[in-house]
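Asks:
Protein chains: 2
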Amino acid sequence: MTEQTQYSAGAAYLHGEVVPIADARIPLLDTGFLRSDLTYDVVHVWKGCFFRLEEHLDRFERSVGRLRLKLPTDRDGLRQVLFDLVKRSGLRGAYVNMTLTRGVANAGQRDPRLFENRLYAYVVPFVWMVSPEDQDRGISLIVSSIQRIPTQSVDPTVKNFHWGDLVRGQYEAFDRAARTAVLVDANGNVTEGPGFNVFALVHGTLLTPEAGVLEGITRRTVLESAQQHDQPAQACAVPATVLMTAHEVFLTSTAGGVMPVISVDGRQIGDGRPGMVTRRLRELYWAAHDDASYATPVDYD
Amino acid sequence: MTEQTQYSAGAAYLHGEVVPIADARIPLLDTGFLRSDLTYDVVHVWKGCFFRLEEHLDRFERSVGRLRLKLPTDRDGLRQVLFDLVKRSGLRGAYVNMTLTRGVANAGQRDPRLFENRLYAYVVPFVWMVSPEDQDRGISLIVSSIQRIPTQSVDPTVKNFHWGDLVRGQYEAFDRAARTAVLVDANGNVTEGPGFNVFALVHGTLLTPEAGVLEGITRRTVLESAQQHDQPAQACAVPATVLMTAHEVFLTSTAGGVMPVISVDGRQIGDGRPGMVTRRLRELYWAAHDDASYATPVDYD
Numbered sequence: 051m052t053e054q055t056q057y058s059a060g061a062a063y064l065h066g067e068v069v070p071i072a073d074a075r076i077p078l079l080d081t082g083f084l085r086s087d088l089t090y091d092v093v094h095v096w097k098g099c100f101f102r103l104e105e106h107l108d109r110f111e112r113s114v115g116r117l118r119l120k121l122p123t124d125r126d127g128l129r130q131v132l133f134d135l136v137k138r139s140g141l142r143g144a145y146v147n148m149t150l151t152r153g154v155a156n157a158g159q160r161d162p163r164l165f166e167n168r169l170y171a172y173v174v175p176f177v178w179m180v181s182p183e184d185q186d187r188g189i190s191l192i193v194s195s196i197q198r199i200p201t202q203s204v205d206p207t208v209k210n211f212h213w214g215d216l217v218r219g220q221y222e223a224f225d226r227a228a229r230t231a232v233l234v235d236a237n238g239n240v241t242e243g244p245g246f247n248v249f250a251l252v253h254g255t256l257l258t259p260e261a262g263v264l265e266g267i268t269r270r271t272v273l274e275s276a277q278q279h280d281q282p283a284q285a286c287a288v289p290a291t292v293l294m295t296a297h298e299v300f301l302t303s304t305a306g307g308v309m310p311v312i313s314v315d316g317r318q319i320g321d322g323r324p325g326m327v328t329r330r331l332r333e334l335y336w337a338a339h340d341d342a343s344y345a346t347p348v349d350y351d
Numbered sequence: 051m052t053e054q055t056q057y058s059a060g061a062a063y064l065h066g067e068v069v070p071i072a073d074a075r076i077p078l079l080d081t082g083f084l085r086s087d088l089t090y091d092v093v094h095v096w097k098g099c100f101f102r103l104e105e106h107l108d109r110f111e112r113s114v115g116r117l118r119l120k121l122p123t124d125r126d127g128l129r130q131v132l133f134d135l136v137k138r139s140g141l142r143g144a145y146v147n148m149t150l151t152r153g154v155a156n157a158g159q160r161d162p163r164l165f166e167n168r169l170y171a172y173v174v175p176f177v178w179m180v181s182p183e184d185q186d187r188g189i190s191l192i193v194s195s196i197q198r199i200p201t202q203s204v205d206p207t208v209k210n211f212h213w214g215d216l217v218r219g220q221y222e223a224f225d226r227a228a229r230t231a232v233l234v235d236a237n238g239n240v241t242e243g244p245g246f247n248v249f250a251l252v253h254g255t256l257l258t259p260e261a262g263v264l265e266g267i268t269r270r271t272v273l274e275s276a277q278q279h280d281q282p283a284q285a286c287a288v289p290a291t292v293l294m295t296a297h298e299v300f301l302t303s304t305a306g307g308v309m310p311v312i313s314v315d316g317r318q319i320g321d322g323r324p325g326m327v328t329r330r331l332r333e334l335y336w337a338a339h340d341d342a343s344y345a346t347p348v349d350y351d
């Protein structure tokens with residue numbers, strides 16, 4: 051089997067070792083598993099180029115510091131790990147995850163400050179949270195009755211796998227025959243859903259929650275596109291009730307881009323098709339991938 | 051190497067396979083890791099007997115149902131997995147973890163309702179969160195400024211690894227030169243700390259938080275001991291300020307039993323030594339391990 055075949059389904063970096071994704075295993079005793087004591091980031095490769103890679107690395111390094119973790123490598127070394135994985139896989143469209151865990155508690159040594167932090171990374175074919183066909187049609191959303199874990203407990207800007215609330219929301223969406231769910235905070239303001247930020251177009255202005263959410267790179271790209279094209283946009287508190295009466299609603303994620311929503315809690319948004327502003331921003335998002343200032347090519351040779 | 055030697059540091063059951071603890075690995079792509087989408091329980095073995103095993107299994111099965119997970123085995127099969135691991139290890143004092151994860155998202159199949167849930171279990175030598183010597187002296191506690199993840203987001207009675215808030219509290223304790231931390235809820239009431247429940251003796255009555263906490267089996271044992279020995283005890287809201295003025299404070303956990311606290315936020319509790327009621331309850335807790343109705347012997351032959 052050639053290397054390309056072996057890694058074509060994906061490749062993983064495990065604390066120094068590279069393996070095909072099917073063989074990727076981590077220690078059962080890693081506190082990244084046993085305490086979800088970790089941070090991570092996800093960047094994607096599109097048409098053979100990383101998209102806004104340095105910004106993802108900036109965020110990842112910032113999160114690492116916030117959790118008082120320490121990367122075993124510098125920025126160059128980290129970049130090298132990611133490029134190597136993508137090159138091995140040969141994937142031109144890929145989902146690239148990097149995760150740093152607190153590490154393993156060895157017998158007799160339970161002080162987390164002394165653990166050796168562990169770096170994992172993996173590359174798999176690009177993940178569509180919502181398929182392009184379903185994005186064309188638009189999807190259904192509910193406002194979950196579950197509250198998002200508050201910032202006072204876990205900082206959402208430090209990307210984490212505390213998804214218990216988001217998974218509950220996802221199951222609630224299934225129960226109500228919807229595609230996915232957005233969670234609210236204790237004040238009834240919209241936060242985020244499982245892996246995405248939310249936008250609403252209200253009287254010509256694009257609104258997105260300001261606080262209690264991950265500061266998504268796709269969200270940032272949309273806000274910048276809006277600004278460049280004179281579309282008023284604002285990060286602010288967004289009451290859940292605003293979603294119901296919005297003219298357009300969409301979700302943003304690295305795993306899918308700009309995803310139109312055509313119903314919220316069973317109520318139709320606009321005319322029940324993806325709205326004009328949403329469609330335009332979705333086009334601009336993919337067009338941005340050709341912008342040399344955002345795209346870092348992978349050398350596959 | 052004999053089997054006993056091979057497994058003497060611990061043994062793990064991994065979705066059907068048994069390996070020495072040092073070889074225990076789980077798939078990187080398990081959503082138990084990538085989403086902390088799982089529940090678990092911990093029971094201990096003392097002097098060759100499981101302690102209150104059926105109650106731990108009751109709680110685990112209840113948690114599994116609450117997350118809409120499904121065990122791949124019935125109660126007998128689960129019990130068999132745990133007994134087999136302890137027997138292989140030969141350990142007479144052991145910490146026994148069982149974990150059920152949502153499982154792995156295979157390419158093309160991202161609906162969590164269709165994942166094959168994965169059962170893991172492991173046995174290691176008994177874990178002392180606080181060593182018996184430190185328990186004799188008593189430890190220092192702080193009331194953390196971090197809020198415990200609220201019940202509205204993640205149900206604390208379904209044992210989970212959403213420890214981001216607890217780890218922040220633990221680091222805050224380190225920064226303030228204390229041993230560990232208890233977190234409060236949005237109303238300033240005490241909840242729990244990293245792996246333990248909290249008790250305070252106030253004017254002769256033992257108080258422990260009623261809501262927003264794991265319903266610990268050690269906590270239950272203490273409440274039952276108190277009742278049997280005419281020590282007034284009550285599960286109720288416990289404002290953090292009450293801890294400061296309590297006559298005695300202690301923590302309870304499967305990983306250590308009844309652990310005396312001698313200072314809270316730097317203020318001495320009582321006379322700076324473990325209090326009389328605390329010491330008595332600690333003795334009763336370990337004495338309960340000889341009660342045949344609580345102890346299930348392991349057949350090591």
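Top line first, the protein sequences correspond to chains A and B. Each number in this note's numbering comes from the position in the first sequence (counting from 1) with 50 added on. Each number in this note's numbering comes from the position in the second sequence (counting from 1) with 50 added on. The beta carbon of each residue, even a glycine, is placed where N, CA and C say it ideally should be. Note that the structure is predicted; figures quoted are calculated from it, not measured.
If you measure from the beta carbon of Val204 (chain B) to each beta carbon in chain A, is any gap under 8 Å?
Replies: Chain A, which has a Cβ nearer than 8 Å to the Cβ of Val204 (chain B), makes this yes.
Asks: Out of curiosity, what's the CA-to-CA distance linking Val263 (chain B) and Ala223 (chain B)?
Replies: Each residue's alpha carbon lies about 20 Å from the other.
Asks: Where does Gln281 (chain A) sit, in a helix, a strand or coil, going by DSSP?
Replies: It is coil, neither helix nor strand.
Asks: Is Arg138 (chain A) closer than 8 Å to Tyr57 (chain A) when the C-beta atoms are compared?
Replies: Yes; because the gap between Cβ atoms is below 8 Å, this pair is in contact.
Asks: Here's the rule: buried if 16 or more other CB atoms are within 10 angstroms of the residue's CB, otherwise exposed. What is Thr149 (chain B)?
Replies: Per the 10 Å Cβ criterion, buried.
Asks: In three-state terms, what does DSSP make of His106 (chain B)?
Replies: Here His106 (chain B) sits in helix by DSSP.
Asks: Measuring straight from C-alpha to C-alpha, what distance separates Glu265 (chain B) and Thr207 (chain B)?
Replies: Going from the Cα of Glu265 (chain B) to the Cα of Thr207 (chain B) covers about 6 Å.
Asks: Grouping DSSP H, G and I as helix and E and B as strand, with all else coil, what is His339 (chain A)?
Replies: Three-state result, His339 (chain A): helix.
Asks: Looking at Ala144 (chain A) and His94 (chain A), is the spacing between their C-beta atoms short of 8 Å?
Replies: Yes, the Cβ-Cβ distance between His94 (chain A) and Ala144 (chain A) is below 8 Å.
Asks: State the CB to CB distance for the pair His3 (chain A) and Leu251 (chain A), rounded to an integer number of angstroms; the pair is presumed to be in contact (CB under 8 Å).
Replies: In this structure chain A extends from 51 to 351, so residue 3 (chain A) is not present and cannot be described.
Asks: Determine the contact status of Thr81 (chain A) and Gly153 (chain A), defining contact as a CB-CB distance below 8 Å.
Replies: Yes. Within cutoff.
Asks: Return the CA-CA distance between His293 (chain A) and Val299 (chain A), expressed in angstroms with no decimal places.
Replies: The sequence given here has Leu at residue 293 (chain A), not His. Rounded to whole angstroms, Leu293 (chain A) to Val299 (chain A) spans 7 Å at the Cα level.
Asks: Answer yes or no: does any C-beta atom of chain B fall closer than 8 Å to that of Val240 (chain A)?
Replies: Chain B contact via Cβ: absent.
Asks: Compute the Euclidean distance between the alpha carbons of Thr241 (chain B) and Asn247 (chain B), then round it to the nearest angstrom.
Replies: C-alpha separation (whole angstroms): 8 Å.
Asks: Quick check: is the beta carbon of Asp321 (chain B) nearer than 8 Å to any beta carbon in chain A?
Replies: Chain A contact via Cβ: absent.
Asks: For Phe83 (chain A), report the span of its alpha helix (DSSP H) as first-last.
Replies: It spans Thr81 to Leu84 - the alpha helix (DSSP H) in which Phe83 (chain A) sits, taken as one unbroken run.
Asks: Do Gly306 (chain A) and Tyr335 (chain A) count as a contact pair if the criterion is CB distance below 8 Å?
Replies: Not a contact, by the Cβ cut-off of 8 Å.
Asks: Find out if the Cβ-Cβ distance for the pair Ile192 (chain A), Val180 (chain A) is shorter than 8 Å.
Replies: Cβ distance not < 8 Å, so Ile192 (chain A) and Val180 (chain A) don't count as in contact.
Asks: Starting from the Cα of Glu104 (chain A), find the closest Cα among A:Ala345, A:Ala337 and A:Ile199 and give me that residue.
Replies: Of the candidates A:Ala345, A:Ala337 and A:Ile199, the one whose C-alpha sits nearest the C-alpha of Glu104 (chain A) is A:Ala345.
Asks: Is Glu242 (chain A) near the ligand SAH, with its Cβ less than 7 Å from a heavy atom?
Replies: You won't find the ligand SAH in this model; it holds no ligand whatsoever.
Asks: When the cut-off is 8 Å and only beta carbons count, does Val219 (chain B) lie next to chain A?
Replies: According to the sequence shown, residue 219 (chain B) is Gly rather than Val. No, Gly219 (chain B) lies away from the interface with chain A (no Cβ there is under 8 Å from its Cβ).
Asks: With a Cβ-Cβ cutoff of 8 Å, do Asn239 (chain A) and Ala287 (chain A) count as a contact?
Replies: Yes, these two residues count as a Cβ contact at 8 Å.
Asks: Tyr172 (chain B) touches chain A at which residues, Cβ-Cβ below 8 Å?
Replies: Correct list: Leu78 and Leu79.
Asks: Suppose contacts are defined by Cβ-Cβ distances below 8 Å. Is Arg163 (chain B) in contact with His65 (chain B) by that definition?
Replies: For Arg163 (chain B) and His65 (chain B), no; Cβs fall outside 8 Å.
Asks: Give a yes or no on whether the C-beta atoms belonging to Ala61 (chain A) and Ile71 (chain A) are separated by under 8 Å.
Replies: It is a contact, given that the beta carbons lie within the stated cut-off.
Asks: Taking a contact to mean a Cβ-Cβ separation below 8 Å, would you say Ser203 (chain A) touches Gln197 (chain B) in this structure?
Replies: The answer is yes: Cβ separation under 8 Å.
Asks: How far does the alpha helix (DSSP H) with Ser139 (chain A) in it reach, from first residue to last?
Replies: Per DSSP, Ser139 (chain A) belongs to the alpha helix (DSSP H) from Arg125 to Ser139.
Asks: For Thr201 (chain A), which residues of its own chain have a beta-carbon under 6 Å away from its beta-carbon, when the five flanking residues on both sides are left out?
Replies: The residues are Gly262.
Asks: Taking all protein chains shown into account, decide if Thr291 (chain A) is buried (16 or more other Cβ within 10 angstroms of its Cβ) or exposed.
Replies: Exposed, because fewer than 16 other Cβ atoms sit within 10 Å of the Cβ of Thr291 (chain A).
Asks: Which one of A:Trp96, A:Val92 and A:Ser86 has the shortest CA to CA distance from Asp108 (chain A)?
Replies: Per the Cα distances, A:Val92.
Asks: Just to confirm my understanding: we take Leu79 (chain A), look at its own chain, exclude 5 residues before and 5 after, and list those with CB closer than 6 Å. What are they?
Replies: Hits under 6 Å: Val154.
Asks: What does Ser194 (chain A) touch in chain B if you count any residue whose Cβ is under 9 Å from its own?
Replies: Chain B residues near Ser194 (chain A): none, gap ~11 Å exceeds 9 Å.
Asks: Got a sec? Which residues, its chain only, sit under 8 Å from Trp213 (chain B) by beta carbon, not counting five neighbours each side?
Replies: Once the five neighbours on either side are set aside, the close Cβ partners of Trp213 (chain B) are Pro244.
Asks: Taking 8 Å as the CB-CB cut-off, is Pro200 (chain B) touching chain A?
Replies: So, interface residue.
Asks: Where DSSP assigns a beta bridge to Tyr170 (chain B), which residues make up the other side?
Replies: Answer is B:Leu64 and B:Thr149.
Asks: Can the beta-carbon of Gln185 (chain B) be found closer than 8 Å to that of Pro310 (chain B)?
Replies: In contact: Gln185 (chain B) and Pro310 (chain B) (Cβ atoms closer than 8 Å).
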